[in-house]
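Visitor: This is the structure I want to talk about, given as structure tokens.
This is how it looks when you write it as structure tokens:
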């Protein structure tokens, strides 16, 4: 791994040790909840879900010998 990756790992590890594991992960979870509420993230998630669903259905139909018109 690159030097920057090792620096980021060290900073995160030291932050977890300094704050305490419970406080550190509590803060991370609050951040995740804020990101989840962002409309751009919600829209992107819904769009990606639809694309994956359509691709999966097409793959299933193609493997079963059906054509998708």
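In the numbering used here, the protein residues as written are 1 to 69.
For glycine and all other residues, C-beta sits at the position ideal for the given N, C-alpha and C.
Since this is a predicted model, take the numbers as computed values, not measurements.
Return the CA-CA distance between residue 58 and residue 45, expressed in angstroms with no decimal places.
Guide: Straight-line Cα distance between these residues: approximately 20 Å.
Visitor: Near residue 35, what residues of its chain come up, given a Cβ to Cβ distance below 7 Å and the 5 sequence neighbours on each side ignored?
Guide: Around residue 35: 41.
Visitor: Tell me the DSSP secondary structure of residue 64 in three-state form.
Guide: In the structure shown, residue 64 sits in coil (DSSP, three-state: anything other than H, G, I, E or B).
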